[in-house]
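K.L.:
So that we are looking at the same thing, I have put the structure below in structure tokens.
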Amino acid sequence: MAQATASPITLTINGEPHTLTVDHRTTLLDVLRERLDLTGTKKGCDQGQCGACTVLVDGRRIVACLQLAVATEGRAVTTIEGLAEGDELHPVQQAFLDLDGFQCGYCTPGQICSALAVLDEHAAGWPSAATDDVRPEAGPPALTPEEIRERMSGNLCRCGAYVPIVQAVAKAAGQAAETTEESAA
Amino acid sequence: MTTTAQPPTVGAAHTRVEGRDKVTGAARYASEQPFDQLVHSWLVLSTVARGRVRKVGEEAVRAMPGVLAVLHHGNAPRLTTDYASMLGAPDPTVALFQHDRVPHAGWPVALVVAETPEQAREAAESLVVEYVEEPHDVAFHAGRPDAYVPEDGGAVATKGDLEAELAASSVVVDASYTTPEQHHSAMEPHAATARWEGGRLEVVDSNQGSMWVADELAKLFSLDPSSVRVRSEHIGGAFGSKGVRPHQVAAAMAATVLQRPVRLALTRRQTFAVTGYRSPTAQRVRLGADADGRLRAFGHEALNLTSTLRPFVETSAALGRVLYDARAHHTVHRLVDVDMPTPTWMRAPGEAPGSFAVESALDELAERLGMDPIALRARNEPAVGPLSGLPFSSRNLLGCFEEGARRFGWAERDPRPRMRREGRWLLGTGTAAATYPSGAAPSTASVTAEADGTFTVRISAADVGTGARTALTLIAAEALDVAPERVDVRIGDSDFGPAWVAGGSMGTRSWALAVTSAVGELRGRLALADGEIPPEGITARTDTAGLLAELAKKERHSFGAQFAEVAVDVATGEIRVRRMLGIFAAGRIVNPLTARSQLIGGMTWGISMALHEEAVRDEASGSQLGADFASYHVAANADVPLIEADWLEDPVPDDPVGIKGIGEIGIVGVAAAISNAAWHATGVRHRDLPLRPDRVLRAEAEAVGD
Amino acid sequence: MREFSYERATDVSSAVALLETDPDARWLGGGTNLVDLMKTGVERPGRLVDVRELPLGRIESTDDGGLRIGATVTNSELAAHPEVRRRYPALAQAVLAGASGQLRNMATVGGNLLQRTRCAYFTDTSFPCNKREPGSGCPAATGEHRNHAILGASEHCVAVHPSDMGVALAAFDAVVAYESAAGGGELPLADFYLPVGDTPHLETALPPGALITAVTLPPAPVAAHSRYRKVRERASYAFAIGSAAAALDVADGVVREIRLAFGAVASRPWRASTAERVLRGQPAVGAAFAEAADAELAAAQVLDQNAYKVPLIRNLVVSLLTELAEETAR
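What follows is the structure, encoded as structure tokens:
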């Protein structure tokens, strides 16, 4: 008997549950773009080499082009369309806009989703390849421009907007830190 | 009207008018417009480098699930391909499926159309194409005996006797440089969706000029120009690659055959094969100077490859004709025909590779003369065009060097190489000049005064990420003397009429002229209407052909000075750029926010060109090896330090717009500045790009061996 | 991409049973390598068995003071784990040097060990390749091989293993645990990868259909003083052209214990046992480090374009060990 080559799945996207039947070959990226008309997530290389399709799955950033949709059963996906609260941009989006952290805009949704995760990963104390001493005793690394550059390196930008991208992430991180300090105070 | 208290528009920083759409994911690109009954297609490319297609095994594929059509040279509609467009002869790849010849690896041989992208892909990958193979030749190197000077008016420029002046020079630099095959690699792969709607062919595309594409599609398919409409609202980068390419032709062809909307999105790998690239170059620069640094001889010979189908000249030897005076000048371009795709324009065509050779050679000359590299350039500053004898519309190269040197701290630099060390890193600084032509081409635009007090501008311009939409909004608002919020600029639609493309650093300059002259026309119409605006508004349209024809013949160029500091670990071959500064004289800057982004973007390209970019051609197969972003490296975030870009006031008195265009100049000279800095750090010259770790290691071993 | 069936495994024994009966099936972990290879047609499985829901996602201390890392632990989790960073910092650094934040969140430890070479002839089906199609030839040896092997290769294949993580694991004597229909077993990393010889398509010593369940790191006090350095053609998000993991213990200026492994030089992470042997008991100075590296690299066989890897690795060893020695002295 031939095995099924398509399966029904249910996943949550930007807080909304979706149930659909997917060809097993279909990636999460193509489900978003071709089936659900969520075209904010971009296809730059379709092989995990550019980061344009970065989304958050259960809060962690991944590349949607290498994620088979059938394997996302029960997961919670956040895309660029799910970040703003109505007309209010997410602080990372606002910083990218204000500091011109993009040009053609095609890598931008992936950059912004990645930046969100960078702030979370840093807040969780994760080291990076730019961290000189990774031992826990050394304490969490400061989010220097060098740390931001390394952590954002999975998102290529061909227009060459890295300089304002780093500034935008730093600005958003500063705001996040201020908010944390205020709530802690 | 000039007394109103509008906040400054042109010259003040404005975020992009479409910025909100881009940061929220709302901006839709070419493959993202929904269509009823949409079907998907997949291109099949030749795996042989030369020969003929013997058989396309379509029967087996036609039986696969969802497959609707297989198009190839045996069944495709005939096209008209012997035409000229606004950019000259069409790219040979647009002659899609018109014959069985395979002129290079990656030549499109078939298109498979199916209901879903997964079905189209699997069917295309299953398609068996049989070839009759012929021997191929893709070897590019200096000294090929079959190199020839193309029949292009600009291929050679000469004054004086180069050999005699070289012989009379106190110091001579004679050096050879190479740059590799480079690919545009815009983040958005080319994509088009075509359909027939109301008797018109409509194509939603990603391109640098909707009118350009519409015009060529009309010619290819022998259609009335008015029955083709091309839209290109948002473009995910272009850099010269997004002209008329097989994807639009294939989608239009399949939509015509199937009478359904057809989408073709190229894979990343396919973009490397069918959307053009920058040819590798082999260049020889010969400089002869008196002991005081004055150039007697300036010689630059540049070789690039082209396909067997069409000559394409990478005009690497052009910039010396503008930059430096010398008693004798001899610059020449040569070509060699190989079995590879036809190269095309890529950001700063000519000037990008050419400046690497010339500005590296100048640095070598400065070293030999024991002279500061900036002083050497100042010594050879021309009063008029070195070859043309024409005056410069404005030229402030030395001002750029002066301001750059001050801000970069050039005065504190010890000119001796290999003097600074920090841990495992040797440090050095370098500089180079930049220039790029400031052209303009005829364009049309319309401006409508709407009954509600707003204004609508329509122009077939393209915003490929340059900020053109925003710049034109500011230009129109200034000309209309209203707040930018009252101006709606619509672009990217061939129905708006002929206009120049986003290319050659001429877009914003050409379009701005059309918009301001249309506003001038509108003011006249509004005065006649006496304030009464009918419901359909009052529209004025202009064409700038006449205005541009009146422009005095001058040397019109942008200029700049590039500075770089690099760190080199000679034990591992790693090079890191630590900081960069570019100072430019580039006419009037419309929007400082986006202008800075463009210049820094160009400089970032320069880092990428200097250290990373290189397409590898497998000579045995004639194919590109590693046509993906894991092998073809463009700079990642971690490669790019804080880059500063700024500009000088650069008024152009006789110019009706004063805008020079800034899309290309940012990259010019950067690779040389970085390479010169690497010499300063290590004492070793690099004459081949990119400056890879293995090359640094080899150079170090040779230097130690000396 | 060929159509395929998909199953989500929930326990190890039934997962192993599934693969035993179907030679056309593959394990799906993070998918970062497999899905890419399926898109390019290098892999065409008829069935995927998703192992990410298996209870193999923990990092635990072993009784003897080592660490047991579950096969489905992601690279990110591994690199962020306090005990990994404390006891085996070079391992955390190696993992962080690989790929990108996104890919590290997807990729698993088991998948990392089983990833295929990034040799561009292998990943493009329009070229012949002995690893992909046995007997079809190796165009790399006479073609482009700047990033190919200098150690342990053969005329049949000169591809390198792309893993960073594996280099640190090799230095620390990792042991791979697996389950298969024929029973479970353990393979020291030193025996995990097969010699290239004339069978480059046979890459590991795992029995057919076996599933990696964990990687165990034995206790190694020297590992607490370790470091990984990677050289590549751009500063991040690129595969290594040469890398090294080193751990060093110096007493009275003499090397007491040393661990050294290289990446991007062979078809496997390369444990530099010869260099270690030469260096033990020697003074912890640059000349001794260089001599040890030379002893290891004496077996190197270089091609036209990859000869630079010999000085690169040598210099990397000297630089890395000198740094570690200076830190020890402090």
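In order, the protein sequences belong to chains A, W and V.
Note that full-length UniProt numbering numbers the first sequence so that position 117 is 117, with each residue one more than the last.
Note that full-length UniProt numbering numbers the second sequence so that position 670 is 670, with each residue one more than the last.
Note that full-length UniProt numbering numbers the third sequence so that position 19 is 19, with each residue one more than the last.
Idealized CB from N, CA, C, for every residue including glycine.
All of these numbers come straight from a predicted model, not from anything done at the bench.
#1: Using a Cβ-Cβ cutoff of less than 7 Å, which residues in the same chain neighbour residue 475 (chain W) once the five nearest sequence positions on both sides are dropped?
#2: Does DSSP put residue 53 (chain A) in a helix, in a strand, or in coil?
#3: With 7 Å set as the bound, which would you pick, yes or no: does the beta-carbon of residue 605 (chain W) sit closer than that to a beta-carbon of chain A?
#4: Indicate whether at least one CB of chain A lies closer than 7 Å to the CB of residue 707 (chain W).
#5: Indicate whether at least one CB of chain A lies closer than 7 Å to the CB of residue 637 (chain W).
#6: Using the Cα positions of residue 189 (chain W) and residue 294 (chain W), report the straight-line distance between them to the nearest angstrom.
#7: Mapping the DSSP letters down to three states, classify residue 217 (chain W) as helix, strand or coil.
#8: Can you tell me the Cβ-Cβ gap for residue 118 (chain W) and residue 26 (chain A), rounded? I've got them flagged as a contact below 8 Å.
#9: Could you tell me whether the Cβ of residue 6 (chain V) comes closer than 7 Å to any Cβ of chain A?
#10: Helix, strand or coil: which one does DSSP assign to residue 332 (chain V)?
#11: Got a sec? Which residues, its chain only, sit under 6 Å from residue 38 (chain A) by beta carbon, not counting five neighbours each side?
#12: Can you name the residues of chain V whose CB is closer than 9 Å to the CB of residue 565 (chain W)?
#13: What residues in the stretch 36-59 of chain V have a beta carbon less than 9 Å from any beta carbon of chain A?
#14: List the residues of chain V whose Cβ lies closer than 7 Å to the Cβ of residue 697 (chain W), in chain order.
#15: Is it true that the CB of residue 662 (chain W) sits closer than 7 Å to the CB of residue 593 (chain W)?
#16: Taking all protein chains shown into account, do 16 or more other C-beta atoms lie within 10 angstroms of the C-beta of residue 75 (chain W), making it buried, or fewer, making it exposed?
#17: From what residue to what residue does the alpha helix (DSSP H) around residue 679 (chain W) run?
#18: Could you name the residues that DSSP lists as bridge partners for residue 186 (chain V)?
#19: Relative to the alpha-carbon of residue 264 (chain V), which residue among V:164, V:302 and V:171 has its alpha-carbon at the smallest distance?
#20: For residue 32 (chain A) and chain W, any beta-carbon pair shorter than 7 Å?
#21: What span of residues does the beta strand (DSSP E) with residue 330 (chain W) cover, start to end?
#22: Are at least three pairs of beta-carbons, each pair with one atom in the stretch 626-636 of chain W and one in the stretch 602-614 of chain W, less than 8 Å apart?
#23: Alpha carbons only, please: which of W:654, W:8 and W:449 is nearest the one belonging to residue 551 (chain W)?
#24: For residue 639 (chain W), tell me which candidate among W:623, W:610 and W:374 has the shortest Cα-Cα distance.
#25: Kindly say whether residue 1 (chain A), judged by its beta-carbon, lies nearer than 7 Å to any beta-carbon of chain V.
#26: For residue 325 (chain W), which option in W:385, W:367 and W:578 has the closest C-alpha, if you only look at C-alpha atoms?
#27: Within a Cβ cutoff of 6 Å, which residues of the same chain sit near residue 19 (chain A), ignoring the five residues on either side of it in sequence?
#28: Near residue 151 (chain V), which residues of its chain fall below 7 Å by C-beta distance, leaving aside the five closest residues on each side in sequence?
#29: Kindly indicate the opening and closing residues of the beta strand (DSSP E) around residue 447 (chain W).
#30: Need the endpoints of the beta strand (DSSP E) that residue 230 (chain V) sits in, please.
#31: Straight-line CA distance for residue 681 (chain W) to residue 123 (chain A)?
#32: Looking at C-alpha atoms only, which residue of W:149, W:120 and W:24 is the closest neighbour of residue 337 (chain W)?
#33: Mind listing the chain V neighbours of residue 120 (chain A)? Cutoff is C-beta to C-beta under 8 Å, in chain order.
#34: Does chain V have any CB closer than 7 Å to the CB of residue 631 (chain W)?
#35: Could you name the residues of the stretch 142-176 of chain V whose beta carbon sits closer than 9 Å to any beta carbon of chain A, in the order they occur along the chain?
#36: Please classify residue 244 (chain V) as buried or exposed, where buried requires at least 16 neighbouring CB atoms within 10 angstroms.
P.N.:
The structure says:
#1: If we look at residue 475 (chain W) and ignore the five residues flanking it on each side, its Cβ neighbours are 10, 512, 515, 516 and 590.
#2: Coil, per DSSP.
#3: Yes, because at least one Cβ of chain A sits closer than 7 Å to the Cβ of residue 605 (chain W).
#4: Residue 707 (chain W) lies beyond the residue range present for chain W, which begins at 1 and ends at 706; the question has no answer from this structure.
#5: With respect to chain A, the C-beta atom of residue 637 (chain W) has a partner C-beta closer than 7 Å.
#6: When rounded, the distance between both Cα atoms is 48 Å.
#7: Assignment of residue 217 (chain W) by DSSP, reduced to helix, strand and coil, places it in the helix class.
#8: Contact check for residue 118 (chain W) and residue 26 (chain A): beta-carbon distance about 6 Å, within the 8 Å limit, so the pair qualifies.
#9: So yes, residue 6 (chain V) belongs to the interface.
#10: Outside the shown range of chain V (1 to 330) lies residue 332 (chain V), about which nothing can therefore be said.
#11: Result list for residue 38 (chain A): 32, 79 and 81, in chain order.
#12: Contact of residue 565 (chain W) with chain V by beta-carbon distance below 9 Å is absent, the smallest such distance being about 16 Å.
#13: Taking 9 Å as the Cβ-Cβ cut-off against chain A, the residues of the stretch 36-59 of chain V that qualify are 36, 38, 39, 40, 46, 47, 48, 50 and 52.
#14: From the beta-carbon of residue 697 (chain W), the residues of chain V found nearer than 7 Å are 308, 311 and 312.
#15: One thing to note: residue 593 (chain W) has its Cβ no nearer than 7 Å to the Cβ of residue 662 (chain W).
#16: Counting the other Cβ atoms within 10 Å of the Cβ of residue 75 (chain W) gives fewer than 16, which makes it exposed.
#17: Note, residue 679 (chain W): alpha helix (DSSP H), 670-682.
#18: The partner list for residue 186 (chain V) (beta bridge, DSSP) reads V:177.
#19: In this structure, V:164 is the residue among V:164, V:302 and V:171 with its C-alpha nearest to the C-alpha of residue 264 (chain V).
#20: By this cut-off, residue 32 (chain A) is not an interface position.
#21: Segment 328-337, the beta strand (DSSP E) holding residue 330 (chain W).
#22: Contact between the stretch 626-636 of chain W and the stretch 602-614 of chain W is present, because at least three Cβ pairs lie under 8 Å.
#23: Of all alpha-carbon atoms in W:654, W:8 and W:449, the one lying nearest the alpha-carbon of residue 551 (chain W) is that of W:654.
#24: Ranking W:623, W:610 and W:374 by Cα distance to residue 639 (chain W) puts W:610 first.
#25: In this prediction, residue 1 (chain A) has a pLDDT of 41, which is less than 50 and means its spatial position is unreliable; nothing more can be read from the coordinates.
#26: For residue 325 (chain W), the nearest C-alpha among the options comes from W:385.
#27: For residue 19 (chain A), where only same-chain residues beyond five positions count, the Cβ hits under 6 Å are 10.
#28: Closer than 7 Å at the Cβ level, and outside the excluded window around residue 151 (chain V), lie 265, 266, 270, 299 and 300.
#29: 444-449 is the span of the beta strand (DSSP E), which, as asked, contains residue 447 (chain W).
#30: Element bounds for residue 230 (chain V): 226-232.
#31: Per the coordinates, the alpha-carbon of residue 681 (chain W) lies some 38 Å from the alpha-carbon of residue 123 (chain A).
#32: It is W:149 whose Cα lies nearest to the Cα of residue 337 (chain W).
#33: The contact set of residue 120 (chain A) on chain V, defined by CB atoms closer than 8 Å, is empty, because the minimum CB distance reaches about 11 Å.
#34: It does: the Cβ of residue 631 (chain W) has a partner Cβ on chain V nearer than 7 Å.
#35: Residues: none.
#36: Residue burial annotation: residue 244 (chain V) is buried, with at least 16 other C-beta atoms found within 10 angstroms of its C-beta.
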